[in-house]
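**Q**
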Amino acid sequence: MIQISWSLKNFRQMLRACIEQKDLTTGKCLHALYVKSLVPQITYISNHFTLLYSKCGLLPAAQKAFDATPDPNVFSFNVMIAAYARESLPHFAQQVFDEIPEPDRISYNTLISAYAECGNVSQALKLFLGMRESGLGMDGFTFSAVITACREAFGLVKQLHSRVVSGGFHSYASVNNALISGYSNNGFFHEAERVFCEMGGVKDEVSWNSMIVAYGQQREGLKALELYQEMVRQELYVDMFTLASVSSAYTSMEDLLGGMQFHDHCSESKA
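Per the UniProt record's numbering, the sequence shown starts with residue 1, numbered consecutively.
1. Assuming F188 contacts F154 (C-beta within less than 8 Å), just tell me the rounded distance between them.
2. Can you tell me whether C197 is buried or exposed? The criterion is at least 16 other CB atoms within 10 Å of its CB, across all chains shown.
3. Is A271 helix, strand or coil when you go by DSSP?
4. Mind pulling the alpha helix (DSSP H) runs of 4 or more residues that sit fully within the region 104–130?
5. Residue ranges of each alpha helix (DSSP H) run of no fewer than 4 residues wholly in the region 140–167, ordered along the chain?
6. Are the beta-carbon atoms of S54 and V79 separated by less than 8 Å?
7. For M80, which of helix, strand or coil comes out of DSSP?
8. Quick one: grab the DSSP three-state call for T69.
9. Out of G167, T242 and A178, state which residue places its alpha-carbon closest to the alpha-carbon of Q217.
10. Suppose you measure from the CA of residue 272 to the CA of S207; what does that come to, to the nearest Å?
11. Does DSSP put A17 in a helix, in a strand, or in coil?
12. Quick check on this structure: which residue in E117, S107 and L58 has the alpha carbon closest to the alpha carbon of E152?
13. Can you have a look at T148 and say buried or exposed, based on whether 16 or more other CB atoms are within 10 angstroms of its CB?
14. Ignore the nearest five residues each way along the sequence and tell me which others in Y183's own chain have a CB closer than 6 Å to its CB.
15. Please report the distance separating the alpha-carbon of L136 from that of V157.
16. Along the chain, where does the alpha helix (DSSP H) containing I45 start, and where does it finish?
17. Do S171 and V202 have their beta-carbon atoms positioned less than 8 Å apart in this structure?
18. Could you give the C-beta distance for S107 and F128, rounded to a whole number, given that I count them as a contact under 8 Å?
19. Over what stretch of residues does the alpha helix (DSSP H) that includes I212 continue unbroken?
20. Under three-state DSSP, which class holds Q3?
21. Let's test the definition: count the other Cβ atoms within 10 Å of the Cβ of A85 and tell me whether it reaches 16, buried, or not, exposed.
22. Starting from Q234, follow the alpha helix (DSSP H) in both directions and report where the run begins and ends.
23. Within a Cβ cutoff of 6 Å, which residues of the same chain sit near S46, ignoring the five residues on either side of it in sequence?
24. What does a CB cutoff of less than 8 Å around D239 pick up in its chain, not counting 5 residues either side in sequence?
25. Between I81 and L58, which are expected to be in contact by the criterion C-beta below 8 Å, what is the C-beta distance as a whole number of angstroms?
26. Please go through the same chain and pick out, in chain order, the residues whose beta-carbon is closer than 6 Å to the beta-carbon of D71, but skip the five residues on each side of it.
27. Could you check which residue in N186, Y215, L227 and G221 has the C-alpha nearest to that of E205?
28. If you count every other CB in all the chains shown that lies within 10 Å of the CB of P60, and 16 or more means buried, which is it?
Rendered as structure tokens:
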């Protein structure tokens, strides 16, 4: 019995390592050994084979492993929802979701995010309302996902912002980042700026980048550059999209001198 327990423990460790490293070759060998063994299949291990294939982008293999899972639990279903969501297939993710006896918060959040990514506002809102009616507690991931889905509708962003404040979710960076994008996309620059300023110490790199993009949209080249310089000073990650936003702010202002100064600043930073 001790030997069997030790073997299963090592098997689980090897399987987890395969998932972390996306080692499909070793993972397939472990799966073949698992299927051919006389040990009764365990939901926990079957779940992780589904997870392995989904992480490696092999949806048919993931679905097959899921279908073979004995007594699938909510984690089993969530793995498949995430797998289809990752491949931008919310319709299939919805089908899996509909099979769950009792969806949990992760089930809802993952599917709402999937609909948000493809711009399906109505389905994202339907799930959000269904989640609220079910009595499940919402979190920052819930609100950041649904705000992202509604980012082109100012009225909905404003309503959701009120719920964020009343629910105490304004300390989540992801929620504030979604609000910044939502307000700036609808032309409400000052609201976006207010959210950014009120974030305080919860700002992350996405927050800074989102605000620079907002400044670029509003032709606020100087503010965009100041924020960019502050990011550099704090040694935060600056991506090409951020640099393009600062540059476009000067272009839209027809500020040739400012644009040249920014170009020189970027060149000096690389030196």
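Even for Gly, the Cβ is constructed at its ideal location relative to N, Cα and C. A quick note: this is a predicted structure, and the numbers were derived from the prediction, not measured.
**A** Reading from the atomic positions:
1. For this step, residue 188 is matched to residue 188 along the sequence shown. For this step, residue 154 is matched to residue 154 along the sequence shown. About 6 Å separates the CB atoms of F188 and F154; that is less than 8 Å, so the two are in contact.
2. Your numbering for residue 197 matches position 197 in the sequence shown. Burial call: exposed.
3. For the purposes of this step, residue 271 is identified with residue 271 of the sequence shown, where counting begins at 1. For A271, the predicted structure reports a pLDDT of 47, less than 50, and the residue's modelled location is therefore unreliable. The matter cannot be settled from this model.
4. Runs of the alpha helix (DSSP H) inside the region 104–130: 105–117.
5. For the region 140–167, whole alpha helix (DSSP H) runs of length 4 or above, ordered along the chain, are 140–149 and 154–167.
6. The residue labelled residue 54 in the question sits at position 54 within the sequence shown. The residue labelled residue 79 in the question sits at position 79 within the sequence shown. For S54 and V79, yes; Cβs fall inside 8 Å.
7. Here the question's residue 80 lines up with position 80 in the sequence shown. M80 falls in the helix class under three-state DSSP.
8. Reading the sequence shown from its first residue, position 69 is the one you call residue 69. In the three-state DSSP reduction, T69 falls in the coil class, being neither helix nor strand.
9. Looking up residue 217 in the sequence shown gives position 217. For Q217, the closest C-alpha among the options G167, T242 and A178 is that of T242.
10. Because the chain is modelled from 1 through 271, residue 272 falls outside the range shown and cannot be assessed.
11. Position 17 of the sequence shown, counted from the start, is the residue given in the question as residue 17. Reduced to three states, the DSSP call for A17 is helix.
12. Residue numbering aside, residue 152 sits at position 152 when the sequence shown is read from its first letter. It is E117.
13. In the sequence shown, the residue the question calls residue 148 occupies position 148. The residue is buried, with at least 16 neighbouring Cβ atoms inside 10 Å.
14. For the purposes of this step, residue 183 is identified with residue 183 of the sequence shown, where counting begins at 1. Contacts found: E191 and A192.
15. Start at 1 with the first residue of the sequence shown, and residue 136 comes out as number 136. Start at 1 with the first residue of the sequence shown, and residue 157 comes out as number 157. In a straight line, the C-alpha of L136 is about 22 Å away from that of V157.
16. The count along the sequence shown starts at 1 and reaches residue 45 at position 45. Start and end: T43 to K55.
17. Along the sequence shown, read from residue 1 onward, the residue named residue 202 stands at position 202. Along the sequence shown, read from residue 1 onward, the residue named residue 171 stands at position 171. Yes, the Cβ-Cβ distance between V202 and S171 is below 8 Å.
18. The sequence position of residue 107 within the sequence shown is 107, counting from 1. The sequence position of residue 128 within the sequence shown is 128, counting from 1. About 13 Å; that fails the 8 Å criterion.
19. Locating residue 212 in the sequence shown gives position 212, where the first residue counts as 1. In the DSSP annotation of this structure, the continuous segment of the alpha helix (DSSP H) that includes I212 starts and ends at E205 to Q217.
20. Residue numbering aside, residue 3 sits at position 3 when the sequence shown is read from its first letter. Low local confidence applies: a pLDDT of 46 at Q3 is under 50, so the model's placement there is unreliable, with the coordinate-based value given in what follows. Three-state DSSP puts Q3 in a helix.
21. Along the sequence shown, one-based indexing puts residue 85 at 85. By the neighbour-count rule (16 or more Cβ atoms within 10 Å), A85 is buried.
22. Within the sequence shown, numbered from 1, the residue matching residue 234 stands at position 234. First-last for Q234: undefined, no H or E at that position.
23. Residue 46 sits at position 46 when you count from the first residue of the sequence shown. The beta carbon of S46 sits closer than 6 Å to those of T69, all from its chain and outside the five residues before and after it, given in chain order.
24. Along the sequence shown, read from residue 1 onward, the residue named residue 239 stands at position 239. Answer for D239: N209, listed in chain order.
25. Along the sequence shown, read from residue 1 onward, the residue named residue 81 stands at position 81. Along the sequence shown, read from residue 1 onward, the residue named residue 58 stands at position 58. That pair is no contact at about 16 Å.
26. Here residue 71 refers to the residue found at position 71 of the sequence shown. Only residues of its own chain outside the window of five on either side were considered, and among them T43 have a CB closer than 6 Å to the CB of D71, listed in chain order.
27. Walking along the sequence shown from the start, residue 205 turns up at place 205. Nearest Cα to E205 within the set N186, Y215, L227 and G221: L227.
28. By one-based count along the sequence shown, residue 60 stands at place 60. The residue in question, P60, is exposed, as its Cβ has fewer than 16 Cβ neighbours within 10 Å.
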